[in-house]
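S.K.: Here's a structure for you.
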Amino acid sequence: MIYLLSVYLKFFGTIILVGLINPLSFIPAVVASSGMLFLRYRFAPCSRDLKRLVGTTRSPVYSQLTSTIHRLKVIRSYHAENISSKEFHSHLDNNTRVAYLMATLNRWSAMRFDWVSLIFIALVIILAIIVRISQHQFSTVEITLTLTYSISLMDIFQWTIRQSVEVETQMTSVERVLEYCSLDQELSIQRRPAKYRPPTNWPSQGCIVFENVSMSHSKESYTQLALHHISLVIKPSEKIGIVGRTGAGKSSFIQTLFRMGTLVDGRIIIDNIDIVTIGLDDVRRRISVIPQDPVLFTGTMRSNLDPFGLYSDAEIWNVLEQIQLKTLVTDRMSNGLHSLVSESGSNLSVGQKQLVCLARAILKKNKILVIDEATGNVDNVTDELIQKAIRDKFKECTVLTVAHRLRTVIDSDRIMVLSNGMLVEFDSPQVLLSNVKSHFTLLAERTGTAEAEYLRTLANSPESYTRWKQETANLDEESKLETTEMDPFVP
Numbered sequence: 044m045i046y047l048l049s050v051y052l053k054f055f056g057t058i059i060l061v062g063l064i065n066p067l068s069f070i071p072a073v074v075a076s077s078g079m080l081f082l083r084y085r086f087a088p089c090s091r092d093l094k095r096l097v098g099t100t101r102s103p104v105y106s107q108l109t110s111t112i113h114r115l116k117v118i119r120s121y122h123a124e125n126i127s128s129k130e131f132h133s134h135l136d137n138n139t140r141v142a143y144l145m146a147t148l149n150r151w152s153a154m155r156f157d158w159v160s161l162i163f164i165a166l167v168i169i170l171a172i173i174v175r176i177s178q179h180q181f182s183t184v185e186i187t188l189t190l191t192y193s194i195s196l197m198d199i200f201q202w203t204i205r206q207s208v209e210v211e212t213q214m215t216s217v218e219r220v221l222e223y224c225s226l227d228q229e230l231s232i233q234r235r236p237a238k239y240r241p242p243t244n245w246p247s248q249g250c251i252v253f254e255n256v257s258m259s260h261s262k263e264s265y266t267q268l269a270l271h272h273i274s275l276v277i278k279p280s281e282k283i284g285i286v287g288r289t290g291a292g293k294s295s296f297i298q299t300l301f302r303m304g305t306l307v308d309g310r311i312i313i314d315n316i317d318i319v320t321i322g323l324d325d326v327r328r329r330i331s332v333i334p335q336d337p338v339l340f341t342g343t344m345r346s347n348l349d350p351f352g353l354y355s356d357a358e359i360w361n362v363l364e365q366i367q368l369k370t371l372v373t374d375r376m377s378n379g380l381h382s383l384v385s386e387s388g389s390n391l392s393v394g395q396k397q398l399v400c401l402a403r404a405i406l407k408k409n410k411i412l413v414i415d416e417a418t419g420n421v422d423n424v425t426d427e428l429i430q431k432a433i434r435d436k437f438k439e440c441t442v443l444t445v446a447h448r449l450r451t452v453i454d455s456d457r458i459m460v461l462s463n464g465m466l467v468e469f470d471s472p473q474v475l476l477s478n479v480k481s482h483f484t485l486l487a488e489r490t491g492t493a494e495a496e497y498l499r500t501l502a503n504s505p506e507s508y509t510r511w512k513q514e515t516a517n518l519d520e521e522s523k524l525e526t527t528e529m530d531p532f533v534p
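Residue numbers (the working numbering): 44 to 534.
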């Protein structure tokens, strides 16, 4: 601050000194100042926007580099070095282009600032010569002094302009911080008025109603909707399958339920309460979810199962025993519930992590459960274990299952078919498959003729579905036994 003040004092002092020596020098000073300020007006917005672009294009370079280091074994296993290299160079080229434009803009401004300075100095010299010739008042020393301070004046002026632009450019970081600070923040549970809190047992039934719901992922633009005017009623304890092609809106539907998008139109009612009228934490704590990619945190097994410390050890052990995870915790983890879980659960298999997420959902005892193809990356034995636990423990709950494989939802009460963010079909699998022109039938036919016929058999005969699940579990168990017998390293 003191340095900046000294620069300004030096700047104005130089102008006064030059003006006292030759009052006509004020004229080129005003002209040069106007030219400098005009250049700054043109230069500053471009510099600020390019600075934003530099930061935006630099992030993918770092992300690509980090992800490449972490997945190096996978890249080499699939001989995807060229693909990864092309991806990295593509991000690097984008960043280099913007950096080059930034350097070009700096040279452009420097050249024009120098031209303005040159014109100012030339005018000062010309005016000094005119005064010397016409009035014989200027000595050589005074002309030299005027010229010296004029050059110094332009150097100070250029530096001041550049520093002001640099400060404005660097303030883009502060701008982003202020943007986050200005976001609307919900009141904490303790400070929220009682009228905005749902009953402690909400939802007690699990009835979900969508009334003309439209959703967008962006708060700024409502033109690109992820969901278009969806209206439906999901009855209590109903098992719903959600299917559709990639980009059909399956994930957007679930995000809307958790209030993760912008509700453009309509409303979502759960057990006679509009979820917009209550807090986010109340909505999200009362709906359980089992994601496709299980999420575990660094900490103990207990902190992953019960992050808020709401349940006793006896309740947790009981749930672990029900899903056959107790043996893992007691035998393979030396400290039981206090055994450490590595970052992202790297010391557990995918199936075990999925079972931990299932145990977490069972402990919460919520009336609504969302499953995002939880069995897509596990073996058939774990698949059957998860499916059995869901059928037994969530029998009285409303279950929404996002499916990428039609077999996983063929036993649902009703199936929701989404396409381009619109609800195109919503009925039982038997009814949908009986219509040869239905969207669900077309999805089934895309899996192959034999698979489509088998899906019809499973849909029309629940016993066939149960038998199929048991057979796949038995086959997987047999394959494990054969592998154990053939593997000399397995005791």
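We put the beta carbon where it would ideally sit given N, CA and C, even for glycine.
Between the region 338 to 356 and the region 302 to 319, do three or more beta carbon pairs fall short of 8 Å?
M.R.: no
S.K.: Would you grab the beta carbon distance between residue 499 and residue 476 for me? Rounded to a whole angstrom, and I think it's under 8 Å.
M.R.: 5 Å
S.K.: Check whether the Cβ atoms of residue 415 and residue 350 lie closer than 9 Å to each other.
M.R.: no
S.K.: Excluding the 5 residues preceding and the 5 following residue 383 in the sequence, name in chain order all residues of the same chain whose CB lies nearer than 7 Å to its CB.
M.R.: 343
S.K.: Can you tell which of 324, 186, 292 and 224 has its C-alpha closest to the C-alpha of residue 243?
M.R.: 324
S.K.: Where do the N-terminal and C-terminal ends of the alpha helix (DSSP H) with residue 268 fall, by residue?
M.R.: Run containing residue 268: none; DSSP gives neither H nor E here.
S.K.: CB-CB under 6 Å to residue 250, same chain, minus the five flanking residues each way: which ones, in chain order?
M.R.: These residues qualify, in order along the chain: 279 and 314.
S.K.: Is residue 298 helix, strand or coil by DSSP?
M.R.: helix
S.K.: Within the same chain, show all residues whose beta-carbon is closer than 6 Å to that of residue 368, passing over the 5 residues directly before and after it, in chain order.
M.R.: Once the five neighbours on either side are set aside, the close Cβ partners of residue 368 are 398.
S.K.: Check this for me: beta carbons of residue 72 and residue 207, under 9 Å apart or not?
M.R.: no
S.K.: Using only the alpha-carbon positions, how far apart do residue 448 and residue 441 sit?
M.R.: 20 Å
S.K.: Residues bridged to residue 351 by DSSP?
M.R.: According to DSSP, which records beta bridges pairwise, residue 351 is partnered with nothing at all.
S.K.: Are the CB atoms of residue 254 and residue 457 nearer to each other than 9 Å?
M.R.: no
S.K.: Shortest alpha-carbon distance to residue 106 belongs to which of 138, 438 and 365?
M.R.: 138
S.K.: Buried or exposed for residue 224, please, with buried defined as at least 16 other CB atoms from any protein chain shown within 10 angstroms of its CB.
M.R.: Residue 224 comes out exposed.
S.K.: Are residue 257 and residue 267 touching if we call contact CB-CB under 9 Å?
M.R.: no
S.K.: Ignore the nearest five residues each way along the sequence and tell me which others in residue 252's own chain have a CB closer than 8 Å to its CB.
M.R.: 275, 276, 277, 311, 312 and 313
S.K.: Output the residue ranges of the alpha helix (DSSP H) runs that lie fully inside the region 216 to 260 and measure 4 residues or longer, sorted by chain position.
M.R.: none
S.K.: With a threshold of 16 other CB atoms inside 10 Å of the CB of residue 347, please say whether the residue is buried or exposed.
M.R.: Around the CB of residue 347, 16 or more other CB atoms lie within 10 Å, so the residue is classed as buried.
S.K.: I'd like to know whether the C-beta atoms of residue 454 and residue 501 end up nearer to each other than 9 Å.
M.R.: yes
S.K.: What residues match up with residue 317 in a beta bridge as DSSP calls it?
M.R.: 312
S.K.: Are the beta-carbon atoms belonging to residue 363 and residue 330 less than 9 Å from one another?
M.R.: no
S.K.: Tell me whether residue 187 is buried or exposed, calling it buried when 16 or more other Cβ atoms sit within 10 Å of its Cβ.
M.R.: exposed
S.K.: Would you call the CB atoms of residue 339 and residue 388 closer than 9 Å?
M.R.: yes
S.K.: What residues are listed by DSSP as bridge partners for residue 469?
M.R.: 459
S.K.: Could you give the first and the last residue of the continuous alpha helix (DSSP H) run that contains residue 97?
M.R.: Residues 69 to 113.
S.K.: Could you check whether the Cβ of residue 302 sits closer than 8 Å to any heavy atom belonging to the ligand ADP?
M.R.: Ligands displayed in this structure: none; no statement on the ligand ADP is therefore possible.
S.K.: Under the rule that 16 or more other beta-carbon atoms within 10 Å means buried, what is residue 372, buried or exposed?
M.R.: buried
S.K.: Give the secondary structure of residue 276 by DSSP, where H, G and I count as helix, E and B as strand, and everything else as coil.
M.R.: strand
S.K.: If contacts are defined as beta-carbon pairs under 8 Å, then residue 285 and residue 443 qualify, I think. What distance do you get, rounded to the angstrom?
M.R.: 6 Å
S.K.: If contacts are defined as beta-carbon pairs under 8 Å, then residue 31 and residue 68 qualify, I think. What distance do you get, rounded to the angstrom?
M.R.: Residue 31 is absent from the structure shown; the chain starts at 44 and stops at 534.
S.K.: Suppose you measure from the CA of residue 520 to the CA of residue 428; what does that come to, to the nearest Å?
M.R.: Model confidence at residue 520 stands at a pLDDT of 49, short of 50, so the residue's coordinates are unreliable and nothing is read from them.
S.K.: Note down the Cα distance separating residue 273 from residue 465, rounded to an integer number of angstroms.
M.R.: For residue 273 and residue 465, the distance between alpha carbons rounds to 7 Å.
S.K.: Would you please state the rounded distance, in angstroms, between the beta carbons of residue 58 and residue 161? I believe it to be under 8 Å.
M.R.: In fact, because the Cβ distance is near 18 Å, the residues do not count as touching under 8 Å.
S.K.: What did DSSP end up calling residue 443 once you bin it into helix, strand or coil?
M.R.: In the structure shown, residue 443 falls within a strand segment according to DSSP collapsed to helix, strand and coil.
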